[in-house]
Amino acid sequence: MSDHDHDHHESHGAAYFRVFIVLCVCTAISVLADLVHSVDHRIVVVVVLAVATAKALCVMAFFMHLKFERAWKYLLLAPTMIIAMALPVSLRPDIGETYYTPDVPQMRDFAEHEESLKHLESHH
Amino acid sequence: MTHATAAPTLKMGIPIPNGKLGMWLFLGTEIMFFTAFIGTYIVMRMGSPGWPTDVNVTHIRIWAGGTNTFVLILSSYFVVVSHDSLLTKKYAKAWKYMLWTFVLGFLFLGIKSIEYAGKFEHDILPGHIPENNRQAMNKIVEKYGELVDRRLVAAFPKDPNENEQKETGKKNWTREDQRAALDAQIKSLKEKSGRTPAEEKQLKEAEALSKFNSDYISLKEHVRADISLTVPYEKFDEIRKEENSRSKYPAITLDEVNQKVEELVDSKEDPELKALAYGLSPQHPILYGNLFASNYFLMTGFHAIHVIIGLFMFLLVLMKGSRLSINDALLVENIGLYWHFVDLVWIFLFPLLYIV
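Quick note, the sequences are listed as chains U and V, same order.
If you're matching positions, the first sequence starts at 117 in this note's numbering and goes up one per residue.
If you're matching positions, the second sequence starts at 21 in this note's numbering and goes up one per residue.
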């Protein structure tokens, strides 16, 4: 039934610890990416989401043991992933564009604030 | 894998135990459950220019999120060590690491509840965030009213002639009664010729409360009538009788109201008034602020519920105590799978909420 019928099971503790260290490093990279302010925000977004995906794959492959399981993992995960992606992708052209008003009070205030700062700078 | 007794029979189904298959199918549905909320968040955020991201507005602290991520990753590691120890028959070690995982789960919930407390304190709740100027002004008036009520109740908690009123069957001690009592107190203190220092202080406080109250009534009426604060409240009776009064007077603006609030909160000449106004603050509208709050609580709330369910499952294993044995390997493995999924969700929530 399971592949643990034999009496002696070898401990994989060292491998798990290595995966744990990799996960910690990835978390540290994400936090550092947030603290860096001089880079374009879109790069930060891409880096951070890539790191999150890498971490997720590590947890799924090693901690959840999927690397050593057989083809049934695809049978289970493929439909769920398809449905998971379908929602944002299908709604992107609708609600994911500006679905309400682009006239946003806090952005107007921010733009006015920036303008006034520019005037101050030019007077110096 | 199986002990061959005869020719291997044709097997239907996937070669894993039913419990494990059941857990994986459940996790499949959970993936769809959480990606619904995360997908909603992504789509709504893409469609909302000016979505609040400033930390001073959203009060989202990266340190809390980062620590929580580390806590969950550590707990995932401990679960997997616990399962591994169980398989190598080190039962005490397995139980110990399961206990650590259980404790770390509580630590996660503790940090989350500190974050939630901050949100409640700053009133970052769905439905509580003003999204345009009128909502901001109404919120200020409402908050101001609550403060006035609270201060009045603190100063005049009950009717001094209570026993008499019970006999005559008079109604309860209302706000009007409290204000009448305040006016009576001011009048009696003012008419007194020689006031002691304590009475002076009492008079100052009573006058400050009276001004606090009258400023509230004036502000409330101005906001209700949509007339600028530059028009004195005393003129309102005349204005109500005029024709086309609305078009004659300038409309009230949020900046005026916020300035009035700041005068109250920062009044240097009148420290009693400043003390009374503590709790009032200027409001700025944030469009999509309520969407942000709803999404935040939906995602993190459901995740926290899943963490709590996971903790109950750990308790199930921990209660076995010294009876924990190799026969529980499947149970521990399945609970470990669930907990890893909870960690997985958080791994995606953390960047989406705290960093992006």
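Idealized CB from N, CA, C, for every residue including glycine.
It should be emphasised that the depicted structure is a prediction, and the values quoted were computed from it without experimental measurement.
Chain V within 7 Å of residue i, Cβ atoms only
i, result
"U/Phe136", "yes"
"U/Ser232", "no"
"U/Phe179", "yes"
"U/Glu228", "no"
"U/Lys171", "yes"
"U/Leu139", "yes"
"U/Leu182", "no"
"U/His122", "Summary for U/His122: the model assigns pLDDT 48, below 50, so the residue's position carries little reliability; its value from the coordinates is reported in the next sentence. So no, U/His122 is outside the interface."
"U/Val162", "no"
"U/Ile199", "yes"
C-alpha distance - residue i paired with residue j, whole-angstrom precision
i, j, result
"V/Thr60", "V/Asp363", "20 Å"
"V/Lys386", "V/Ala228", "Because chain V is modelled from 21 through 376, residue 386 of chain V falls outside the range shown and cannot be assessed."
"U/Leu182", "V/Leu300", "55 Å"
"V/Leu145", "U/Ala187", "45 Å"
"U/Ser127", "V/Lys113", "13 Å"
"V/Trp115", "U/Ile137", "23 Å"
"U/His122", "V/Ile346", "At U/His122, the pLDDT of 48 sits below 50, so the modelled position is not reliable and the matter cannot be decided from this model."
"U/Val167", "V/Ile149", "33 Å"
"V/Val173", "V/Ala204", "16 Å"
"U/Asp150", "U/Val160", "7 Å"
"V/Phe232", "V/Lys221", "16 Å"
"U/His120", "V/Thr73", "Bear in mind that the predicted position of U/His120 carries a pLDDT of just 48, short of 50, making it unreliable; the figure below should be weighed with that in mind. Spanning the two alpha carbons is a distance of roughly 50 Å."
"U/Met117", "V/Gly42", "For U/Met117, the predicted structure reports a pLDDT of 41, less than 50, and the residue's modelled location is therefore unreliable. The matter cannot be settled from this model."
"U/Ser146", "V/Lys294", "44 Å"
"V/Val365", "V/Glu225", "54 Å"
"V/Pro270", "U/Arg158", "44 Å"
"U/Tyr190", "U/Asp219", "45 Å"
"U/Ala202", "V/Arg65", "17 Å"
"V/Pro252", "U/Thr217", "36 Å"
"V/Ser68", "V/Ser133", "28 Å"
Beta-bridge pairing of residue i - partner residues as DSSP gives them
i, result
"V/Leu300", "V/Tyr298"
Proximal residues of chain U, C-beta to C-beta of residue i below 7 Å
i, result
"V/Ala56", "Leu203"
"V/Gly70", "Val220, Gln222, Met223"
"V/Thr89", "Thr143"
"V/Trp44", "Leu192"
"V/His79", "In chain order: nothing, as chain U lies at least about 15 Å away."
Per-residue contacts from residue i into chain V (C-beta, under 9 Å)
i, result
"U/Tyr132", "Tyr97, Val100, Val101, Asp104"
"U/Tyr190", "The premise fails here: U/Tyr190 is roughly 11 Å from chain V at the closest Cβ pair, so nothing lies under 9 Å."
Nearest to residue i (by Cα), restricted to the options the options
i, options, result
"V/Pro305", "V/Val77, V/Arg260, V/Leu127", "V/Val77"
"U/Val221", "V/Leu307, V/Leu338, V/Leu351", "The question names Val, but residue 221 of chain U is Pro in the sequence shown. It is V/Leu307."
"V/Ile311", "V/Glu151, V/Trp120, V/Ser105", "The sequence as given places Leu at residue 311 of chain V; Ile does not occur at that position. Selected option, being the one with the closest Cα: V/Glu151."
"V/Ala201", "V/Phe176, V/Met339, V/Phe368, V/Lys212", "V/Phe176"
"V/Ser96", "V/Ala84, V/Phe128, V/Ser68, V/Ile80", "V/Phe128"
"U/Ala194", "V/Thr89, V/Ile82, V/Ile51", "V/Ile51"
"V/Asn38", "V/Leu318, V/Asn354, V/Leu94, V/Arg199", "V/Asn354"
"V/Leu47", "V/Gly356, V/Leu372, V/Phe370", "V/Gly356"
"V/Tyr236", "V/Gln198, V/Leu274, V/Lys280", "V/Lys280"
"V/Phe256", "V/Gly130, V/His242, V/Glu263", "V/His242"
"V/Lys178", "V/Asp169, V/Thr194, V/Gly165", "V/Thr194"
Chain-ordered neighbours of residue i on chain U, where CB pairs are closer than 8 Å
i, result
"V/Phe322", "Per Cβ cutoff of 8 Å: no residues; V/Phe322 is ~15 Å from chain U at best."
"V/Val281", "What V/Val281 touches in chain U: nothing, since even the nearest Cβ is about 17 Å away."
"V/Leu364", "Ala172, Val175, Met176"
Cutoff 7 Å: residue i Cβ touching any chain U Cβ
i, result
"V/His326", "no"
"V/Pro150", "no"
"V/Met319", "no"
"V/Phe9", "Any answer about residue 9 of chain V is impossible in this case: the structure gives chain V only from 21 up to 376."
"V/Asp307", "The question names Asp, yet the displayed sequence has Leu at residue 307 of chain V. Taking Cβ atoms only, chain U reaches closer than 7 Å to V/Leu307, which makes this a yes."
Contacts that residue i makes with chain V (C-beta to C-beta distance below 8 Å)
i, result
"U/His153", "What U/His153 touches in chain V: nothing, since even the nearest Cβ is about 12 Å away."
"U/Asp150", "Ile82, Tyr374, Ile375"
"U/His128", "Asp104"
"U/Ile159", "In chain order: nothing, as chain V lies at least about 12 Å away."
Interface residues of chain V facing residue i [CB-CB closer than 7 Å]
i, result
"U/Ile211", "Val63, Met64, Gly67"
"U/His125", "Leu107, Thr108"
"U/Leu207", "Val63"
Cβ of residue i within 7 Å of any chain A Cβ
i, result
"U/Ala166", "Of the protein chains in this structure, namely U and V, none is chain A."
Where residue i meets chain U, residues with beta-carbon distance less than 9 Å
i, result
"V/His360", "Val175, Met176, Phe179, Met180"
"V/His142", "Simply none; closest approach about 16 Å."
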